[in-house]
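Enquirer:
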Amino acid sequence: MQIYLPIAEMTVPVESILALGVAVGFLSGVFGVGGGFLTTPFLIFFGIPPAIAVGTQANQLIAASFSGILGHLKRGNVDFKLGAVMFGGSLVGSVLGILIFRLLQHTGQIDFVISALYIVLLGAMGLMMLYESLRAVLKNKIEDGETSKLQHHPFFLALPYKIRFMRSRLYISALIPAGIGLVGGLLVAIMGIGGGFILVPLMIYVLGMPTLLVAGTSLFHIMLTSIFTTLLHAIANNTVDIVLAFMLIIGGVVGAQIGTRAARKIRGAYARVLLSALLLLVCCFLMGELFIGPLDIYHTEVR
Amino acid sequence: MMRRLFHISLCALFAFAALLSAKPSMADDVLAVDLSDRSINITTGFNGARLSIHGVKMLPGDVALTLTGPERRMVVRRKDKVFGMWMNRESMTFRNIPAYYDFATSRPLQNITDRAVLEENTIGLDFLNLEALGRASPQDVEPYREALIRNKQVAGLYALEPETIGFINNQFFRVDFDLPPNVPSGEYKIETYLINEGVVVGRHQSTLRIGQVGASASIYKFANQNEIFYGFAAVLLALMSGIIGYYIMRRD
Numbered sequence: 001m002q003i004y005l006p007i008a009e010m011t012v013p014v015e016s017i018l019a020l021g022v023a024v025g026f027l028s029g030v031f032g033v034g035g036g037f038l039t040t041p042f043l044i045f046f047g048i049p050p051a052i053a054v055g056t057q058a059n060q061l062i063a064a065s066f067s068g069i070l071g072h073l074k075r076g077n078v079d080f081k082l083g084a085v086m087f088g089g090s091l092v093g094s095v096l097g098i099l100i101f102r103l104l105q106h107t108g109q110i111d112f113v114i115s116a117l118y119i120v121l122l123g124a125m126g127l128m129m130l131y132e133s134l135r136a137v138l139k140n141k142i143e144d145g146e147t148s149k150l151q152h153h154p155f156f157l158a159l160p161y162k163i164r165f166m167r168s169r170l171y172i173s174a175l176i177p178a179g180i181g182l183v184g185g186l187l188v189a190i191m192g193i194g195g196g197f198i199l200v201p202l203m204i205y206v207l208g209m210p211t212l213l214v215a216g217t218s219l220f221h222i223m224l225t226s227i228f229t230t231l232l233h234a235i236a237n238n239t240v241d242i243v244l245a246f247m248l249i250i251g252g253v254v255g256a257q258i259g260t261r262a263a264r265k266i267r268g269a270y271a272r273v274l275l276s277a278l279l280l281l282v283c284c285f286l287m288g289e290l291f292i293g294p295l296d297i298y299h300t301e302v303r
Numbered sequence: 001m002m003r004r005l006f007h008i009s010l011c012a013l014f015a016f017a018a019l020l021s022a023k024p025s026m027a028d029d030v031l032a033v034d035l036s037d038r039s040i041n042i043t044t045g046f047n048g049a050r051l052s053i054h055g056v057k058m059l060p061g062d063v064a065l066t067l068t069g070p071e072r073r074m075v076v077r078r079k080d081k082v083f084g085m086w087m088n089r090e091s092m093t094f095r096n097i098p099a100y101y102d103f104a105t106s107r108p109l110q111n112i113t114d115r116a117v118l119e120e121n122t123i124g125l126d127f128l129n130l131e132a133l134g135r136a137s138p139q140d141v142e143p144y145r146e147a148l149i150r151n152k153q154v155a156g157l158y159a160l161e162p163e164t165i166g167f168i169n170n171q172f173f174r175v176d177f178d179l180p181p182n183v184p185s186g187e188y189k190i191e192t193y194l195i196n197e198g199v200v201v202g203r204h205q206s207t208l209r210i211g212q213v214g215a216s217a218s219i220y221k222f223a224n225q226n227e228i229f230y231g232f233a234a235v236l237l238a239l240m241s242g243i244i245g246y247y248i249m250r251r252d
């Protein structure tokens with residue numbers, strides 16, 4: 001079945017978009033990652049303009065992160081104060097990100113930058129996760145969280161505007177979470193991903209916050225950021241396609257359902273091996289495009 | 001009094017009629033064309049459409065027909081290798097480029113008329129008037145011009161080869177255009193030419209509107225006219241789906 005996307009002004013097969021949503025939802029169910037890193041490249045692959053892929057992806061992120069938060073909220077695993085401070089940083093990051101996006105679009109480098117950023121991020125995360133999970137599989141034991149806390153580094157201790165975060169039992173400079181938020185805002189605005197796979201390690205190692213609170217708090221921050229970014233994209237760029245977002249959300253709900261069931265049957269370390277393989281696969285695919293070259297070196301777009 | 005008024009109005013009527021009959025060129029009465037649709041509606045389930053064009057010609061000769069979409073400004077970018085990676089480097093902007101172009105002829109173009117006539121009436125891809133911005137020499141523009149046409153053809157928006165106009169008898173002709181699902185919205189011009197021994201002896205113009213209707217049109221209008229409300233609606237929709245998704249997930 002075909003459906004016409006009113007904002008992208010093109011027809012897409014409903015089944016493929018739903019399948020993409022299901023795949024992404026499945027990943028979030030099994031691994032707890034947002035899966036935006038899959039959606040954006042695939043939407044672009046379907047011929048949806050990068051700007052609309054990213055804008056719509058931000059809209060879809062709201063639903064995914066919100067339903068995630070509700071679960072964490074019940075167990076009280078969200079540090080709202082810390083999330084709000086991070087959001088402060090991400091306000092700057094998203095506005096900056098959208099400006100950068102428009103600039104790159106104007107100079108024709110947006111596709112290249114999106115691909116390059118994906119390659120670097122997916123490659124780095126994939127390799128790190130592969131190394132860590134393979135070690136866990138081989139040693140056949142559960143690894144303890146590393147305790148090399150970066151927040152005790154003199155640089156972070158010297159920063160001003162110290163705030164006490166009661167829930168996370170931290171007394172740190174507000175600039176650190178705001179800085180992490182800024183990175184998050186940039187990621188949502190330029191790449192259309194929540195960036196949980198970058199924010200979570202930063203929050204654990206740089207902020208040194210309790211691991212239990214990390215997932216809920218990062219989701220809370222991602223939700224606020226994606227709400228803000230969706231509004232910016234809709235108002236400034238007109239690149240949010242509700243119909244496309246809704247299909248991705250429906251697919252995501254179904255996929256997450258399947259994913260959480262599957263998660264009970266897969267061992268954590270094996271699951272992480274699979275995820276890292278997937279990250280590296282998408283990374284290689286994008287690298288091929290960038291290095292082997294396009295079918296036609298000329299490309300036409302409406303200005 | 002009454003009689004005089006009658007006289008004046010009669011004169012006016014005759015003058016008007018004379019004006020009407022004088023205004024049409026030699027062309028109008030030798031060629032008549034009708035479209036199967038005055039407008040094509042893009043609905044939510046839109047998957048392309050077929051446009052049938054019927055016509056009658058009163059004089060001998062060949063028929064050529066062009067279907068030209070709304071004009072847009074387009075930029076053609078060229079990728080080059082930078083440190084082993086393919087990046088966009090040079091670009092050229094063209095203006096007033098038809099977003100869609102298709103054409104049909106009763107015989108191969110080169111057998112119908114000469115280049116000058118084709119160029120004047122922009123019949124055929126080689127004779128499209130693609131105007132490059134900036135001061136580039138024709139040799140520099142040429143590869144970009146070719147690329148623009150090629151890219152458009154790959155996207156299914158420019159004709160690969162002309163459709164053939166079929167004749168039912170010496171006077172009646174018909175041609176079908178298959179419009180793809182990604183056909184751009186806007187006003188389309190359909191120009192029909194009757195060409196006898198290389199000279200255009202008749203011409204007819206019709207217009208076609210292609211646009212979104214129904215739910216899809218409402219969303220498009222909403223998004224373009226009330227950006228702020230549209231943004232909030234998108235956020236609200238996502239939040240609500242998030243809640244619903246959560247409760248569905250929790251049930252098991």
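Line order of the protein sequences matches chains A and B.
Counting in our numbering, the first sequence runs from 1 upward without gaps.
Counting in our numbering, the second sequence runs from 1 upward without gaps.
The beta carbon of each residue, even a glycine, is placed where N, CA and C say it ideally should be.
1. Can you tell me whether B:D62 is buried or exposed, with buried defined as 16 or more other CB within 10 angstroms of its CB?
2. Using a Cβ-Cβ cutoff of less than 8 Å, which residues in the same chain neighbour B:K23 once the five nearest sequence positions on both sides are dropped?
3. Less than 8 Å between the CB atoms is what I'm expecting for A:T56 and A:I193, so what's the real figure, rounded?
4. Looking at C-alpha atoms only, which residue of A:G68, A:G97 and A:A158 is the closest neighbour of A:F31?
5. Kindly list the residues whose CB is nearer than 6 Å to the CB of B:R174, restricted to its own chain and excluding five residues on each side of it in sequence; keep chain order.
6. With a threshold of 8 Å between beta-carbons, can A:D79 be considered close to chain B, or not?
7. Between the C-alpha atoms of A:I176 and A:F45, what's the straight-line distance to the nearest angstrom?
8. How big is the Cα-Cα spacing for A:E15 and A:M1?
9. Which residue or residues does DSSP assign as beta-bridge partners of A:E9?
10. For B:Y220, which of helix, strand or coil comes out of DSSP?
11. Who are the near neighbours of B:E131 in its chain, counting only those whose CB is closer than 7 Å to its CB and skipping five residues on each side?
12. Can you tell me where the alpha helix (DSSP H) holding B:Y230 begins and where it ends?
13. Distance cutoff 8 Å, beta carbons only. Does B:Y101 sit that close to anything in chain A?
14. For B:L208, write down the residues that DSSP places opposite it in a beta bridge.
15. With H, G and I counted as helix, E and B as strand and the rest as coil, what does DSSP make of A:Q2?
16. Tell me which residue opens and which closes the beta strand (DSSP E) that B:F253 is part of.
17. Taking the continuous alpha helix (DSSP H) assigned at A:E132, which residues delimit it?
18. Provide the residue(s) that pair with B:T68 in DSSP beta bridges, ordered along the chain.
19. Is B:G214 helix, strand or coil when you go by DSSP?
20. Skipping 5 residues on each side, what residues in its chain have a beta carbon closer than 6 Å to that of B:Y230?
21. Can you tell me whether B:R77 is buried or exposed, with buried defined as 16 or more other CB within 10 angstroms of its CB?
22. Pick helix, strand or coil for B:D140, following the three-state DSSP scheme.
23. Does the contact criterion of 3 or more C-beta pairs under 8 Å hold for the region 213 to 220 of chain B versus the region 37 to 56 of chain B?
24. Could you give the uninterrupted runs of the alpha helix (DSSP H) lying entirely in the region 204 to 292 of chain A, keeping only those of 4 residues or more?
25. In terms of residue numbering, what span does the beta strand (DSSP E) encompassing B:G55 cover?
26. A:L20 to A:A64, Cα distance in whole Å?
27. According to the Cβ coordinates, are B:F177 and B:L59 closer than 8 Å?
28. Three Cβ pairs or more, each shorter than 8 Å: is that satisfied between the region 194 to 206 of chain A and the region 231 to 248 of chain A?
29. Between the Cα of A:G29 and those of A:L281, A:G252 and A:V137, spot the shortest distance and give me the residue it belongs to.
30. Taking the DSSP output, what are the residues bridged to B:N88?
31. Measure the CB-CB distance between B:N196 and A:M10 and report whether it falls below 8 Å.
32. Exposed or buried, which one is A:F220 when buried takes at least 16 other CB atoms within 10 Å?
33. Which residue marks the beginning of the beta strand (DSSP E) containing A:T300, and which one marks its end?
34. Looking at chain D, which residues of the region 225 to 246 of chain B have a Cβ within less than 9 Å of any of its Cβ atoms?
Expert: In short:
1. When all chains shown are included, B:D62 counts as buried.
2. No answer about B:K23 holds up, because its pLDDT of 41 lies below 50 and its placement is not dependable.
3. Contact flag wrong, Cβ pair sits at about 12 Å.
4. Considering only alpha carbons, the answer is A:G68.
5. The answer, listed in chain order, is H54 and G166.
6. Chain B, which has no Cβ nearer than 8 Å to the Cβ of A:D79, makes this no.
7. The C-alpha of A:I176 lies about 36 Å from the C-alpha of A:F45.
8. As the crow flies, the alpha-carbon of A:E15 is around 7 Å from that of A:M1.
9. Residue pairing by DSSP places A:E9 opposite no residue, since no beta bridge is assigned to it.
10. It is helical.
11. Taken in chain order, the residues that qualify are F94, R95 and N96.
12. From DSSP, the alpha helix (DSSP H) with B:Y230 extends over E227 to R250.
13. Judged by the 8 Å Cβ criterion, B:Y101 is not in contact with chain A.
14. Looking at the DSSP output, B:L208 sits in a beta bridge with B:Y188.
15. Reduced to three states, the DSSP call for A:Q2 is strand.
16. Absent from the model: residue 253 of chain B. The displayed extent of chain B is 1 to 252, so no value can be given.
17. Here the alpha helix (DSSP H) through A:E132 covers I110 to K139.
18. In the DSSP output, where bridge partners are listed per residue, B:T68 has B:Y101 and B:K189.
19. The answer is helix: DSSP assigns B:G214 an H, G or I state.
20. So the list reads F222 and A223, once near-sequence residues are dropped.
21. Counting other Cβ atoms within 10 Å of its Cβ, B:R77 reaches 16 or more and is therefore classed as buried.
22. Three-state DSSP puts B:D140 in a helix.
23. Remark: three or more beta-carbon pairs, one from each stretch, lie closer than 8 Å, so the region 213 to 220 of chain B and the region 37 to 56 of chain B are flagged as touching.
24. As far as the region 204 to 292 of chain A is concerned, its whole alpha helix (DSSP H) runs of at least 4 residues are 211 to 232, 242 to 265 and 268 to 292.
25. Where B:G55 is concerned, the enclosing beta strand (DSSP E) stretches over A49 to K57.
26. Taking the straight line from one Cα to the other gives about 14 Å.
27. In this structure, B:L59 does not lie closer than 8 Å to B:F177 by Cβ.
28. Cβ pair count under 8 Å is below three, so no.
29. The option with the nearest alpha carbon to A:G29 is A:G252.
30. According to DSSP, B:N88 bridges with B:K79.
31. For B:N196 and A:M10, no; Cβs fall outside 8 Å.
32. Answer is buried; the Cβ neighbour count reaches 16.
33. For A:T300, the enclosing beta strand (DSSP E) has its first and last residue at Y298 to V302.
34. In summary, chain D is missing from the structure at hand, where the protein chains are A and B.
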